[in-house]
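Just below is one structure, and these are the notes that go with it.
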Amino acid sequence: MHIHHLNCGTINTFGGVAMIGAARGVTHCILIETDDGLLLVDTGFGTRDYIAPTFLMRLFLTMSGSPRDLEETAISQVKRLGYAPEDVKHILLTHFHYDHVGGLPDFPQAKVHIYKDEYKAVTQPQDMYERYPYRAEHWAHGPDWVVHSLQGDRWFGFECTPPVNLGSVEFRLVPLPGHTRGHSGVALHLPDGWLFHCGDAYTFHGDVDPENPRHPPYYRLFRPYFHLNKAFRQIGKHSPRLRALLREHGDEVQLTCSHDPRELEKFGMVHQSRKTCLQILGNCSACAGRVVPEAHIETKQAAQVGQNPLQKPLASL
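Read in order, the letters of the sequence shown are residues 100 to 416 in this note's numbering.
Right, dumping it as C-alpha cells:
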C-alpha cells in the first residue's frame, strides 16, 4: 500500500497569512493505493474548473488567487503515477465546498462517500451559506453516492460512522460540523497508526498544537473580516478537542488539514510544478485493515435519477 499526499489546488487567498500562516496555501488531498483500487480523500479543483469555469467558479478562482494549473488536478497526478481515472474506486469527502469536490466529474465511476448531514445540506439548503458554496455542475454526471450515518460508534471519544474497510484501508467519518452543516473529518487506519484528515476544521497547524496553541500572524487584524462569513467564523470550533486528542493520543494519531502547506510538507518532499506550486508526494508501507460489513451505509445509486436530488439542475438547489 502506498499513500500519496497531493496538492490539488494552490490558493493565494486574501488574508491567507492570517488564516493559514502562509501567503500561499494548498488543497491537501490524499491518494491511497489499496487492494481494491485507488482511494481519494477530497478531490481539490477539477479539470472543468480550470478549462471551462462557470461565472461563479471563475469568480471563486480569482478571489482565491488560483493559478489554475492543470498539473495540480487530482486526475493529472493520478495519471502521472501510472493510473487511469477509472482506477479511482472510492472518494471520501470532508464536505462539498468547491475546492473539495471540483474534481468529482473527473472520476465518474468512483463511489463517493459522504456524511449524511452534509448530503442533507446540499439537497435541502437552509440559507445562502448553504446554497452559494454548493454547485450542481460538480455532480451533474450523477455519481454513485454512499451516504454514511451515525450508529453510536466512537473514535477516541468522537462520534463517528461505523468503520468500513475498502480494500486494505479502514476508514470512519468523524463529524466536525460548523464550517458546513455536515463537515466531517476522515479517519484512516494506516500501518503506523491513524491519520485524521480534518478538512477545514482548522487551517493553521498552530491552532491544534497541544503544547503551544496559537493563531497565525495577523489573525487579529483580519478577524472582523472572517466573522462576516459564517463558514470562516466556525473554523477552529473543534480545535480544543483536537488538541486534547493529540495530547492524549499523539502517539497513535496524526492530524492534517486541507490548506496549511506545512501540514502537507511534513508528509513528503516538496516539488515544484511549472507554475511553482507545491506538490507533495509521500509513501508508507503496507498493511491490511480489518474487514467491516457495510450494513450501516445507505447507498444512492446514480441511476436512480428520481431519487437523487443531487442530479437536479443548479437552479433547483
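Don't be surprised by glycine CBs; every beta carbon is placed ideally from N, CA and C.
- G202 places its beta carbon 8 Å or farther from that of G284.
- Taken in chain order, the complete beta strand (DSSP E) segments of 3 residues or longer contained in the segment 185 to 231 are 187 to 191, 210 to 214.
- Here G266 carries a coil assignment [DSSP, helix/strand/coil].
- If you look at I131, you'll find it in the beta strand (DSSP E) that goes 127 to 133.
- The closest CA to that of R234, considering only A173, T153, G136, is found on T153.
- Here H278 carries a coil assignment [DSSP, helix/strand/coil].
- Between the C-alpha atoms of P339 and N311 there is a straight-line separation of about 12 Å.
- In the three-state reduction of the DSSP assignment, E347 falls in the helix class.
- By the criterion of a C-beta distance shorter than 7 Å, W254 is surrounded in its chain by R271, V273, A286, once the five residues flanking it on both sides are discounted.
- Rounded to whole angstroms, P261 and M100 show a C-alpha spacing of 23 Å.
- When C-alpha distances from F206 are compared across V140, E269, Y218, the shortest belongs to V140.
- Counting C-beta pairs closer than 8 Å gives three or more between the segment 345 to 354 and the segment 291 to 300, which meets the contact rule.
- Less than 8 Å separates the beta-carbon of D198 from that of T126.
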